[in-house]
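Quick note: the sequence shown, position 18, residue 77 per the numbering used here, numbers continuous.
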Amino acid sequence: NFELCVAAGGKVHHWWRDNAGGKLWHKGTAFGHDVVQVTGLAQGSYGFNLELIVLRTDGKHQHYWRYGGTWYEGVVIA
Numbered sequence: 060n061f062e063l064c065v066a067a068g069g070k071v072h073h074w075w076r077d078n079a080g081g082k083l084w085h086k087g088t089a090f091g092h093d094v095v096q097v098t099g100l101a102q103g104s105y106g107f108n109l110e111l112i113v114l115r116t117d118g119k120h121q122h123y124w125r126y127g128g129t130w131y132e133g134v135v136i137a
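See below:
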């Protein structure tokens, strides 16, 4: 799939599109809090989870990751 995460309304909104020929984008879920901007999105070869870094309203960065279709809140990076 093509994956997209954007910040809106203080949350992260996850969107995806079927890479096998689908033309429509589908809204996944909204998660997180105090999010200003998504600064990085990657998929690694370890577990093939999506990894996400966001900028928060307090100026710190925070890590999120997706496992099994669920997004989890990670550490805050000062």
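Ideal Cβ positions, reconstructed from N, Cα and C, are used throughout, including at glycine.
Tyr131 sits in a strand when the DSSP states are folded into three classes.
Per DSSP, reduced to three states, the secondary structure at Leu83 is coil, with no helix or strand assignment.
Our two residues, Leu114 and Val65, have alpha carbons roughly 11 Å apart in a direct line. For Lys86, the closest of Phe61, Glu110, His92 and Leu100 by C-alpha to C-alpha distance is Phe61. Distances from the alpha-carbon of Ala137 to those of Gly127, Trp84 and Gln121 put Gln121 closest.
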